[in-house]
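Peer 1: After the structure tokens below, expect a handful of questions from me.
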Amino acid sequence: MNPSLSAHGRTDEAFQESPGAFEALFEALPDAVVLADERGCIVRVNAQVEKLFGYSPDELRGQPIETLIPERLRHAHVGHRLHYNQAPRRRAMDAGLELSGRHKDGREFPVDVMLSPLETGQRTLVLSLIRNLAERDTREALRFHLAALVNSSGDAIIGKMLDGTITSWNKSAERIFGYSAEEAIGKPITMLLPPGTEDEASDILGRMKRGEISTYDAVRRRKDGRNIAVSVTISPIFDTLGNLVGASKVARDFTERKRAEDELARRDEELARSNAELQQFAYVASHDLQEPLRMVASFTQLLAERYQSKLGSEADEFIGYAVDGARRMQVLVNDLLEYSHVGTRAREFAAVDCEKTLKTVLANLRKSLEETGGQVTHDPLPPVRGDHTQLGQVFQNLVANALKFRGSEPPHVHISAEQIEGEWRFSVRDNGIGIDLRYAERIFLLFQRLHTRAEYAGTGMGLAITKKIVERHGGRIWVESELGKGSTFYFSLPMKGVTHGNGLRARGTG
Amino acid sequence: MEMGSEHAEPVDILLVEDNPGDIRLTQEAFRDGKLLNRLSTVSDGEQAMAFLRRQGKYGQVRQPDLVLLDLNLPRKDGREVLAEVKADPELRRIPVVVVTSSRAEEDILKAYDLHTNCYVTKPVDLVKFVAVVKSIEHFWVHIVKLPPKIAE
Numbered sequence: 059m060n061p062s063l064s065a066h067g068r069t070d071e072a073f074q075e076s077p078g079a080f081e082a083l084f085e086a087l088p089d090a091v092v093l094a095d096e097r098g099c100i101v102r103v104n105a106q107v108e109k110l111f112g113y114s115p116d117e118l119r120g121q122p123i124e125t126l127i128p129e130r131l132r133h134a135h136v137g138h139r140l141h142y143n144q145a146p147r148r149r150a151m152d153a154g155l156e157l158s159g160r161h162k163d164g165r166e167f168p169v170d171v172m173l174s175p176l177e178t179g180q181r182t183l184v185l186s187l188i189r190n191l192a193e194r195d196t197r198e199a200l201r202f203h204l205a206a207l208v209n210s211s212g213d214a215i216i217g218k219m220l221d222g223t224i225t226s227w228n229k230s231a232e233r234i235f236g237y238s239a240e241e242a243i244g245k246p247i248t249m250l251l252p253p254g255t256e257d258e259a260s261d262i263l264g265r266m267k268r269g270e271i272s273t274y275d276a277v278r279r280r281k282d283g284r285n286i287a288v289s290v291t292i293s294p295i296f297d298t299l300g301n302l303v304g305a306s307k308v309a310r311d312f313t314e315r316k317r318a319e320d321e322l323a324r325r326d327e328e329l330a331r332s333n334a335e336l337q338q339f340a341y342v343a344s345h346d347l348q349e350p351l352r353m354v355a356s357f358t359q360l361l362a363e364r365y366q367s368k369l370g371s372e373a374d375e376f377i378g379y380a381v382d383g384a385r386r387m388q389v390l391v392n393d394l395l396e397y398s399h400v401g402t403r404a405r406e407f408a409a410v411d412c413e414k415t416l417k418t419v420l421a422n423l424r425k426s427l428e429e430t431g432g433q434v435t436h437d438p439l440p441p442v443r444g445d446h447t448q449l450g451q452v453f454q455n456l457v458a459n460a461l462k463f464r465g466s467e468p469p470h471v472h473i474s475a476e477q478i479e480g481e482w483r484f485s486v487r488d489n490g491i492g493i494d495l496r497y498a499e500r501i502f503l504l505f506q507r508l509h510t511r512a513e514y515a516g517t518g519m520g521l522a523i524t525k526k527i528v529e530r531h532g533g534r535i536w537v538e539s540e541l542g543k544g545s546t547f548y549f550s551l552p553m554k555g556v557t558h559g560n561g562l563r564a565r566g567t568g
Numbered sequence: 002m003e004m005g006s007e008h009a010e011p012v013d014i015l016l017v018e019d020n021p022g023d024i025r026l027t028q029e030a031f032r033d034g035k036l037l038n039r040l041s042t043v044s045d046g047e048q049a050m051a052f053l054r055r056q057g058k059y060g061q062v063r064q065p066d067l068v069l070l071d072l073n074l075p076r077k078d079g080r081e082v083l084a085e086v087k088a089d090p091e092l093r094r095i096p097v098v099v100v101t102s103s104r105a106e107e108d109i110l111k112a113y114d115l116h117t118n119c120y121v122t123k124p125v126d127l128v129k130f131v132a133v134v135k136s137i138e139h140f141w142v143h144i145v146k147l148p149p150k151i152a153e
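If you read the sequences in order, they're chains A and B.
The first sequence begins at 59 in the working numbering and counts up one residue at a time.
The second sequence begins at 2 in the working numbering and counts up one residue at a time.
Shown next, in the form of structure tokens:
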């Protein structure tokens, strides 16, 4: 049952002396091994055969080797076998033959077979090493698939050894860095560092050697000398025994994105600067205008006081216009100053109790409420985050407007707040004269008036200031109205609340 | 407005103001009050210091009992004048009233930090302006007990 075997042409002393060692080797071979005699009958098989073909060694012993071959090929195989026996010699795998095996259950699978004659003294046996190609095909397909994945990736994927030598280089690496795989493989990875960043190299190699996964943004140099911004992830590569053997580097080119971000940041800064300048301009203009204006106003007043009715009626009229003009100019300048203060005198946002704020506002407006017989009602109002002085001004301006532009009925103003899409929507509804909606946008602009001064006094700054405050709080303001039936002013405030107003104090001047 | 103790001697007031209009308005306010106080004016900070120290062409002037000081002045501004006056042992007892059009908080704080005796903003309206100037005069001349003049 256990014939003494010796390898063809060579005698191995160890195996002769220790058949047990040969047995162990025979069973341990990763390939299926079949020994057949010159008649083609199976003499012996190893354990792999059962795994591959489904037959136990006992089932195969004495059976023709063709048992393991698909029926359609058996006849031909007998011919091949007889032919082989005439001049038996070693035939290696990968001979380019398309061979098939047959499982006990009838399933066929591709195999490669190595043949070797085995002289045993009495007779010549044929040793077949059979390898299942299906597995290899799967592995190869997988490898091919992985290679395709690596190559089709939009990111550069680079393999490197511990010393930084490049070992693989995908298509995107070619595109991003400009070097072909041939040019890059075998070169040090440091060739991608722009001059002056050599320090990074030891840093990167150090991290790589510690087997850390690291992600960072860096500047790298292309073959054409152009610098690009890349986002890099470096991960260690271990061999099957767990030894650190290299690293993979995945690099993404975000030069374009970075440029867009830089551009955005630049514009943002520019906007902030121009806003700051505008703010400064408004402040200086209004502040510095006060001085000469005070002179004009004071001396025309003095003139009026001293020479009224001494220079004739025409002179009185002229002085009257001058005094009036100077006074109005003073109010305008004051309002402009106040408008510019919305940004420059901004306070940090804090919790604001709207009901309390409204109470204060109504106390301020008591006199006009009494004069007009006006009534102000409100629903429960939520607490919000903001600048309480400025929010008070919003309520005050809107309520005062409602009283001012009242209809024939005594004014009734109702204030409420509802929660819509993550913001508080406040409304201030009145029963006043209403607004022609053609002017709904215009009323929020600086110095815009819909009425003559004779009809309604005012500079047209109130709603512009109100709008600016609401916007500083991250909200919007608009109006819905019907002529003769009253108006409803709405303004929204974000529920989460902005921590800082978008005033100028909040940002640096860059 | 006639209340409090009458001064036997008229009070000397120095107005430091570069705007001729304001000088005139202040004079008008004083004239209106028919007060017998002597109002002198200088129009920049350097002149103010020379006047207070009676140097150069101001060698013969009387030392003022009260200074009305504008903040924005040519050459040496009001803040510097204030700092120098309050640092000078011979001058620091003289009350200084800052009278300015600035309502800026930092100007107010700075002035008090430099020991101004009070800070007044110029009202835009003429009637109010005149009232304020008269109030200043009334308060400092009739109500306040001023320090005796340093021996001349």
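Ideal Cβ positions, reconstructed from N, Cα and C, are used throughout, including at glycine.
(1) When DSSP labels each residue in this structure, what does valine 91 of chain A get in the three-state scheme?
(2) Determine, using beta carbons only, whether phenylalanine 549 of chain A and valine 452 of chain A come nearer to each other than 8 angstroms.
(3) Name, please, each residue of chain B whose Cβ falls closer than 7 angstroms to the Cβ of methionine 249 of chain A.
(4) Could you tell me the alpha carbon to alpha carbon distance between arginine 189 of chain A and arginine 197 of chain A, rounded to whole angstroms?
(5) Taking only three categories from DSSP, how would you classify asparagine 126 of chain B?
(6) With 16 as the cutoff for other CB atoms within 10 Å, does isoleucine 501 of chain A come out buried or exposed?
(7) Can you pull the chain A neighbours of serine 102 of chain B, defined as C-beta to C-beta under 9 angstroms?
(8) Hey, how far is the Cα of valine 537 of chain A from the Cα of aspartate 126 of chain B?
(9) Check distances from the C-beta atoms of the stretch 22–54 of chain B to those of chain A and list, in chain order, the residues that come in under 9 angstroms.
(10) Alpha carbon to alpha carbon, what distance is there between threonine 313 of chain A and glycine 283 of chain A?
(11) For glutamine 359 of chain A, return the contacting residues in chain B, with the cut-off set at a CB-CB distance below 9 angstroms.
(12) Tell me, please, whether the CB atom of lysine 87 of chain B is closer than 8 angstroms to any CB atom in chain A?
(13) Within the continuous beta strand (DSSP E) that includes aspartate 170 of chain A, where are the two ends?
(14) Could you name the residues that DSSP lists as bridge partners for tryptophan 482 of chain A?
(15) Could you tell me the alpha carbon to alpha carbon distance between asparagine 301 of chain A and isoleucine 262 of chain A, rounded to whole angstroms?
(16) Can you tell me the Cβ-Cβ gap for alanine 384 of chain A and threonine 415 of chain A, rounded? I've got them flagged as a contact below 8 angstroms.
(17) Can you look up leucine 420 of chain A in the DSSP assignment and give me helix, strand or coil?
(18) Pull up the distance between the alpha-carbon of threonine 273 of chain A and that of asparagine 228 of chain A, whole angstroms please.
(19) Is leucine 578 of chain A helix, strand or coil when you go by DSSP?
(20) Can you name the residues of chain A whose CB is closer than 8 angstroms to the CB of lysine 123 of chain B?
(21) Do we get a CB-CB distance below 8 angstroms when we pair serine 356 of chain A with the residues of chain B?
(22) Just to confirm, is the Cβ distance from histidine 436 of chain A to isoleucine 473 of chain A under 8 angstroms?
(23) Nearest CA to the CA of threonine 430 of chain A: which residue from A:Arg405, A:Val471, A:Pro438?
(24) So for histidine 141 of chain A, helix, strand or coil by DSSP?
(25) Can you pull the chain B residues whose beta carbon is under 7 angstroms from the beta carbon of glutamine 388 of chain A, in chain order?
(26) On the premise that serine 226 of chain A lies in contact with glycine 217 of chain A, defined as a C-beta separation below 8 angstroms, what is that separation, rounded to the nearest angstrom?
(27) Compute the beta-carbon to beta-carbon distance between asparagine 104 of chain A and phenylalanine 84 of chain A, rounded to the nearest angstrom, for a pair I have assumed lies under 8 angstroms.
(28) Below 8 angstroms on the Cβ atoms is my guess for glycine 137 of chain A versus proline 122 of chain A; work out the distance and round it to an integer in Å.
(29) At which residue ranges does the stretch 33–112 of chain B contain complete alpha helix (DSSP H) runs of 4 or more residues, listed in the order of the chain?
(30) Do glycine 450 of chain A and histidine 531 of chain A have their C-beta atoms closer together than 8 angstroms?
(31) Assuming threonine 196 of chain A is part of the alpha helix (DSSP H), what are its boundary residues?
(32) Taking all protein chains shown into account, do 16 or more other C-beta atoms lie within 10 angstroms of the C-beta of glutamine 366 of chain A, making it buried, or fewer, making it exposed?
(33) Here's a check: name, in chain order, each residue in its chain whose Cβ is nearer than 7 angstroms to the Cβ of valine 208 of chain A, leaving out the five neighbours to either side.
(34) Can you give the beta carbon distance from isoleucine 377 of chain A to alanine 362 of chain A, rounded, assuming they're within the 8 angstroms contact cut?
(35) Suppose you measure from the CA of glycine 559 of chain A to the CA of alanine 458 of chain A; what does that come to, to the nearest Å?
Peer 2: Put simply:
(1) In the first sequence, residue 91 of chain A corresponds to position 33, counting from 1. Looking at valine 91 of chain A - three-state DSSP - the assignment turns out to be strand.
(2) As a first step, residue 549 of chain A must be located in the first sequence, where it is residue number 491. As a first step, residue 452 of chain A must be located in the first sequence, where it is residue number 394. Contact: yes.
(3) Numbered from 1 along the first sequence, position 191 holds the residue referred to as residue 249 of chain A. Those do not exist, as methionine 249 of chain A stays about 58 angstroms from chain B at its closest Cβ, beyond 7 angstroms.
(4) For this step, residue 189 of chain A is matched to residue 131 along the first sequence. For this step, residue 197 of chain A is matched to residue 139 along the first sequence. Roughly 14 angstroms separates the two Cα atoms.
(5) Here residue 126 of chain B corresponds to residue number 125 of the second sequence, with the count starting at 1. The amino acid occupying residue 126 of chain B in the given sequence is aspartate; asparagine does not appear at that position. Under the three-state reduction of DSSP, aspartate 126 of chain B is assigned to coil, being neither helix nor strand.
(6) Taking the first residue of the first sequence as 1, we reach residue 501 of chain A at position 443. By the C-beta density criterion, isoleucine 501 of chain A is buried, having at least 16 other C-beta atoms within 10 angstroms.
(7) The residue you call residue 102 of chain B lines up with position 101 of the second sequence. The CB of serine 102 of chain B comes closer than 9 angstroms to the CB of His345, Gln348, Glu349, Arg352 in chain A, given here in chain order.
(8) Counted from its first residue, the first sequence places residue 537 of chain A at position 479. Counted from its first residue, the second sequence places residue 126 of chain B at position 125. Taking the straight line from one Cα to the other gives about 36 angstroms.
(9) If the cut-off is 9 angstroms between Cβ atoms, the stretch 22–54 of chain B has Gly22, Asp23, Arg25, Leu26, Glu29 near chain A.
(10) Against the first sequence, residue 283 of chain A aligns to sequence position 225. Against the first sequence, residue 313 of chain A aligns to sequence position 255. Between the alpha carbons of glycine 283 of chain A and threonine 313 of chain A lies a distance of about 14 angstroms.
(11) Working through the first sequence from its first residue, we reach residue 359 of chain A at position 301. Result: Asp126, Leu127, Val128.
(12) The count along the second sequence starts at 1 and reaches residue 87 of chain B at position 86. No, lysine 87 of chain B does not count as interfacial toward chain A.
(13) In the first sequence, counting from the first residue as 1, residue 170 of chain A sits at position 112. For aspartate 170 of chain A, the enclosing beta strand (DSSP E) has its first and last residue at 166–177.
(14) The residue you call residue 482 of chain A lines up with position 424 of the first sequence. For tryptophan 482 of chain A, which the question treats as bridged, DSSP gives the partners A:Gln477, A:Leu551.
(15) Here the question's residue 301 of chain A lines up with position 243 in the first sequence. Here the question's residue 262 of chain A lines up with position 204 in the first sequence. Each residue's alpha carbon lies about 19 angstroms from the other.
(16) For this step, residue 384 of chain A is matched to residue 326 along the first sequence. For this step, residue 415 of chain A is matched to residue 357 along the first sequence. Contact between alanine 384 of chain A and threonine 415 of chain A is absent: CB atoms are separated by about 35 angstroms, not below the 8 angstroms threshold.
(17) One-based indexing of the first sequence puts residue 420 of chain A at position 362. Three-state DSSP puts leucine 420 of chain A in a helix.
(18) What you label residue 273 of chain A is simply residue 215 of the first sequence in a count that begins at 1. What you label residue 228 of chain A is simply residue 170 of the first sequence in a count that begins at 1. If you draw a straight line from the Cα of threonine 273 of chain A to the Cα of asparagine 228 of chain A, it is about 19 angstroms long.
(19) Outside the modelled stretch of chain A, which goes from 59 to 568, sits residue 578 of chain A, for which no answer is possible.
(20) Translated into the one-based positions of the second sequence, residue 123 of chain B becomes position 122. Residues of chain A with a Cβ closer than 8 angstroms to the Cβ of lysine 123 of chain B are, in chain order, Arg352.
(21) For this step, residue 356 of chain A is matched to residue 298 along the first sequence. With 8 angstroms as the cut-off, serine 356 of chain A counts as an interface residue toward chain B.
(22) What you label residue 436 of chain A is simply residue 378 of the first sequence in a count that begins at 1. What you label residue 473 of chain A is simply residue 415 of the first sequence in a count that begins at 1. Yes, these two residues count as a Cβ contact at 8 angstroms.
(23) Indexing the first sequence from 1 puts residue 430 of chain A at position 372. Closest by alpha carbon: A:Val471.
(24) Here the question's residue 141 of chain A lines up with position 83 in the first sequence. Residue state, collapsed to three classes: helix.
(25) As a first step, residue 388 of chain A must be located in the first sequence, where it is residue number 330. Neighbours of glutamine 388 of chain A on chain B, chain order: Val125.
(26) In the first sequence, counting from the first residue as 1, residue 217 of chain A sits at position 159. In the first sequence, counting from the first residue as 1, residue 226 of chain A sits at position 168. The Cβ separation is near 4 angstroms, so the contact holds.
(27) The residue labelled residue 104 of chain A in the question sits at position 46 within the first sequence. The residue labelled residue 84 of chain A in the question sits at position 26 within the first sequence. About 5 angstroms separates the two Cβ atoms, so the contact holds.
(28) Translated into the one-based positions of the first sequence, residue 137 of chain A becomes position 79. Translated into the one-based positions of the first sequence, residue 122 of chain A becomes position 64. About 13 angstroms; that fails the 8 angstroms criterion.
(29) Within the stretch 33–112 of chain B, the complete alpha helix (DSSP H) segments of 4 residues or longer fall at 46–53, 79–88, listed in chain order.
(30) Working through the first sequence from its first residue, we reach residue 450 of chain A at position 392. Working through the first sequence from its first residue, we reach residue 531 of chain A at position 473. The beta carbons of glycine 450 of chain A and histidine 531 of chain A sit no closer together than 8 angstroms.
(31) Residue mapping note: residue 196 of chain A aligns to position 138 of the first sequence, counting from 1. Membership of threonine 196 of chain A in the alpha helix (DSSP H) is indicated by the continuous run 191–210.
(32) The sequence position of residue 366 of chain A within the first sequence is 308, counting from 1. Counting Cβ neighbours within 10 Å, glutamine 366 of chain A comes out exposed, since fewer than 16 surround it.
(33) For the purposes of this step, residue 208 of chain A is identified with residue 150 of the first sequence, where counting begins at 1. The answer, listed in chain order, is Ile215, Asn228.
(34) In the first sequence, residue 377 of chain A corresponds to position 319, counting from 1. In the first sequence, residue 362 of chain A corresponds to position 304, counting from 1. At roughly 5 angstroms, the Cβ-Cβ gap stays under 8 angstroms, so isoleucine 377 of chain A and alanine 362 of chain A are in contact.
(35) Position 501 of the first sequence holds residue 559 of chain A. Position 400 of the first sequence holds residue 458 of chain A. No answer about glycine 559 of chain A holds up, because its pLDDT of 45 lies below 50 and its placement is not dependable.
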